[in-house]
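Single-structure report; data block below.
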Amino acid sequence: MFDSTRYRKRSPENTQAGAKAYELVLRQKLARGESIEKLAIPEDQLFENFAWRWFTDYVIPNNKHSEQRTKKYVISTVLVPFFGKISVGKITSHQIEQFKARMNTKGVGNKTVKNYLTVLNKCLGTAYEWLQLDGTPPKIKWPKCNPARTDFLSPDECELLLKHSEGVVREMILIALRTGMRQGEIKGLQWNSISWENRSVAVRHSRDDRMKMLVSPKSNRERHVPLDADVYEILYARKNNTGYVFLDTDKEPFDYHRMERRLTKACNDAGIRKVGWHILRHTFASHLAMKGVPMTAVQQLMGHSNITTTMRYSHLAPSTLRAAIDMLNPKTMVIEEFRQPVVNQWMRMQQLEATEKILVPKNL
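Quick note on numbering: the numbering used here labels position 98 of the sequence shown as 98, and the sequence is numbered without any gaps.
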């Protein structure tokens with residue numbers, strides 16, 4: 001009762017304490033002259049409506065077609081069915097946890113759930129900015145994901161693959177193994193991107209199969225990769241001024257399916273497991289790490305915007321951990337005075353003892 005008027009409202013919390021707390025909130029609103037009737041959510045604030053507005057006004061202008069396709073799928077088939085009828089300003093951390101539980105119940109892996117939440121997080125952050133909503137977007141507790149396993153070819157497998165490929169396909173495989181260029185970057189490589197004087201290639205293009213045109217590479221960054229002697233030699237032998245470096249037998253640029261078929265055939269002919277072009281990129285970075293190349297240099301050559309991405313190869317690098325463990329062994333630890341492994345002195349001592357046993361008569 002308030003001012004001789006009776007109000008009946010269902011408490012959002014089904015306990016006596018919760019109902020009394022809710023009653024107090026309602027009384028305070030009535031005392032301030034505010035309405036306690038549930039207000040309709042503005043159409044532009046429904047998650048479903050805002051998500052598609054965000055897709056049109058933000059995703060399409062700022063993301064590549066492949067990313068647009070992925071986000072469109074996530075919005076339409078995952079996020080809208082769950083959050084669609086909720087106001088973007090009313091989505092809570094609890095509801096996000098319920099979403100994660102729903103996905104896990106359906107058997108969706110944590111890595112995929114994390115990808116979904118990344119889209120949701122960006123969409124909600126934009127909503128609070130564009131709609132000038134009060135407060136801050138709900139905090140998201142990111143699911144834990146197992147470290148991704150990086151597959152790569154051994155040096156012997158690389159040799160077999162190159163030995164059982166020929167022509168332009170062999171050239172593409174070689175440049176992937178020696179430069180770490182992505183598949184789209186190899187497809188879109190132009191002759192005018194190669195500096196013959198500096199013996200390097202400027203990675204500034206990637207070919208989009210759907211639009212059949214050149215676009216900027218991933219992360220929109222141009223990077224320069226030195227060419228090793230083998231790559232320089234085969235490209236210089238047929239150098240040109242303009243146009244695509246790699247064309248199929250029909251003089252058309254390669255697309256995803258053409259390149260996959262050629263690489264699969266090369267793997268079958270070489271008798272090795274089937275790998276994709278991105279495995280060749282992993283191979284490039286992995287071999288650099290195993291040779292002791294600093295991670296910052298690997299990052300620049302790979303074109304990673306974040307060193308965290310490059311660190312997936314760090315476990316392959318020659319480690320100081322082995323040297324640290326060897327310090328515990330008197331045969332391998334370093335002598336402070338001479339900075340030489342103790343094993344050398346230990347071996348000399350063993351040789352001297354053996355010599356003394358031979359030279360010194362037994363009766364003495």
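Even glycine gets a Cβ: it sits at the ideal position worked out from N, Cα and C. Here the structure is a predicted model, which is why all the values come from computation and not from measurement.
Asked	Found
What are the start and end residues of the alpha helix (DSSP H) that includes His315?	Premise fails: His315 is in no alpha helix (DSSP H) and is neither H nor E.
To the nearest angstrom, how far is the alpha carbon of Ala266 from that of His164?	6 Å
Can you tell me the Cβ-Cβ gap for Gly271 and Leu160, rounded? I've got them flagged as a contact below 8 Å.	7 Å
Give me, in chain order, the residues of the same chain whose beta-carbon lies closer than 6 Å to that of Arg32; leave out the 5 immediate sequence neighbours on both sides.	none
Quick one: grab the DSSP three-state call for Met181.	coil
Counting pairs of beta carbons, one from the region 115-126 and one from the region 247-263, are three or more of them closer than 8 Å?	no
Going by other Cβ atoms of all chains shown within 10 Å of its Cβ, with 16 needed for buried, is Glu185 buried or exposed?	buried
Within 8 Å (strictly less), CB to CB, does Met290 reach chain B?	In the structure shown, chain B cannot be found, because there is only a single protein chain.
Kindly give me the distance between the Cβ atoms of Lys85 and Leu124, rounded to whole angstroms, as I take these residues to be in contact under 8 Å.	Lys85 to Leu124, Cβ: 16 Å. No contact.
Taking 8 Å as the cut-off, decide whether the C-beta atoms of Ile91 and Pro138 are in contact.	yes
Between which residues of its own chain and Ile60 is the CB-CB distance below 8 Å, once the five residues before and five after are set aside?	Gln68
Considering only C-alpha positions, which residue in the set Ile175, Asp255, Arg8 is nearest to Ile194?	Ile175
Since Ala202 is in the beta strand (DSSP E), which residue starts that stretch and which ends it?	200-203
Taking the DSSP output, what are the residues bridged to Phe2?	Thr5
Contact between the region 240-247 and the region 215-227: three or more CB pairs below 8 Å?	no
If Arg182 sits next to Ser206, beta carbons under 8 Å apart, how far is it from one beta carbon to the other, in whole angstroms?	7 Å
By Cβ distance, which residues of its chain are closer than 6 Å to Phe82, with the 5 residues on each side in sequence left out?	Phe99
Note the first and the last residue of the continuous alpha helix (DSSP H) segment covering His65.	65-74
Kindly identify the DSSP beta-bridge partner or partners of Leu247.	Pro253
Let me know the secondary structure DSSP gives Tyr262 once reduced to three states.	Residue identity check: residue 262 is Arg in the sequence provided, not Tyr. Three-state result, Arg262: helix.
Quick one: is Gly303 buried, meaning 16 or more other Cβ sit within 10 Å of its Cβ, or exposed?	buried
Need the endpoints of the beta strand (DSSP E) that Pro330 sits in, please.	Looking at the DSSP string, Pro330 is not in any beta strand (DSSP E), and its letter there is neither H nor E.
From Ala237 to Arg312, what distance separates their C-alpha atoms?	36 Å
According to DSSP, is Asp230 part of a helix, a strand, or is it coil?	helix
Would you say Asn63 and Lys72 are within 8 Å of each other, going by their C-beta atoms?	no
From what residue to what residue does the beta strand (DSSP E) around Met213 run?	213-215
In whole angstroms, what is the alpha-carbon distance linking Asn110 and Val203?	33 Å
How is Gln45 classed by DSSP in three states: helix, strand or coil?	helix
Near Leu288, which residues of its chain fall below 6 Å by C-beta distance, leaving aside the five closest residues on each side in sequence?	Val298
Within 10 angstroms of its Cβ, does Leu328 collect 16 or more other Cβ (buried), or is it exposed?	exposed
How would you label Arg6, buried or exposed, when you count the other beta carbons within 10 angstroms and need 16 or more for buried?	exposed
Express the C-alpha separation of Lys29 and Asn306 in angstroms, rounding to a whole number.	50 Å
With DSSP as the reference, identify every bridge partner of Ser87, one or two as the case may be.	Leu46
With a threshold of 7 Å on Cβ separation, who are the neighbours of Asp156 within its own chain once the five nearest residues in sequence on each side are excluded?	none
I need the boundaries of the beta strand (DSSP E) containing Asp134, first residue and last residue.	Note, Asp134: premise wrong, no beta strand (DSSP E); not H, not E.
Does the beta-carbon of Lys187 have 16 or more other beta-carbons within 10 angstroms, so that it is buried, or is it exposed?	buried
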